[in-house]
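Reading through the structure tokens given below for one structure.
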């Protein structure tokens, strides 16, 4: 549903929120490894969220790294997505069509219009901090699980 950049950004924000709760700053290498993202791609995402959107903070130097403030952790997922995705991706057509409407619907329109209010409500009421708090459950992950294969 979201771009790869947005998926990695959401994972990074959740990981940073979890670490920031323990007053830890996180470097690019640790963060990229934790969320399963290429380091250069992670650096570009963090640069955007630090400089342009000011959602993430950073400190330079030997004890530096990235972190989230308590204020940032209270932001809703809907707010975060509005910073990351193109205008209308959440509120508009699920296929990204500008002309999609009741008069000219896309193939998904009738199904999506019924679940869109539920999705928007969930994204608006779920905060970064809530997601980070759920990370205490070891079954909850923010990276792709590499499955072991039996080679014979």
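In this note's numbering, the protein residues as written are 2 to 153. The beta carbon of each residue, even a glycine, is placed where N, CA and C say it ideally should be. Keep in mind that this is a model prediction, so the values were computed, not measured.
query = What is the rounded straight-line gap between the Cα of residue 75 and the Cα of residue 103?
reply = By 1-based counting over the chain shown, the position of residue 75 is 74. By 1-based counting over the chain shown, the position of residue 103 is 102. Cα to Cα, the separation comes out at about 35 Å.
Sub-8 Å separation of residue 162 and residue 81 beta-carbons = Missing from the structure shown is residue 162; the chain here goes from 2 to 153 and no further.
inquiry  = Checking the sheet assignment: what are the DSSP bridge partners for residue 58?
reply    = Against the chain shown, residue 58 aligns to sequence position 57. BP columns for residue 58 point to 68.
key: C-alpha gap between residue 21 and residue 58, whole angstroms   = Residue 21 sits at position 20 when you count from the first residue of the chain shown. Residue 58 sits at position 57 when you count from the first residue of the chain shown. Computed Cα separation, rounded: 11 Å.
key: Rounded C-alpha distance that separates residue 121 from residue 140   = Working through the chain shown from its first residue, we reach residue 121 at position 120. Working through the chain shown from its first residue, we reach residue 140 at position 139. Straight through space, the alpha carbons of residue 140 and residue 121 are spaced by roughly 26 Å.
ask   = Considering only residues of the same chain and omitting the five flanking positions on each side of residue 130, which have a CB-CB separation below 7 Å?
value = In the chain shown, counting from the first residue as 1, residue 130 sits at position 129. Excluding positions up to five away in sequence, the list reads 18, 74, 75.
request  = Starting from the Cα of residue 3, find the closest Cα among 142, 119, 136, 83 and give me that residue.
outcome  = Against the chain shown, residue 3 aligns to sequence position 2. Nearest of 142, 119, 136, 83 to residue 3, Cα basis: 83.
query = Is DSSP giving residue 134 helix, strand or coil here?
reply = As a working note, residue 134 is residue 133 in the chain shown. Note: residue 134 maps to helix in three-state DSSP.
Contact belief for residue 32 with residue 67 at Cβ below 8 Å, rounded distance in angstroms = Walking along the chain shown from the start, residue 32 turns up at place 31. Walking along the chain shown from the start, residue 67 turns up at place 66. Rounded, the Cβ-Cβ distance is 7 Å, consistent with contact.
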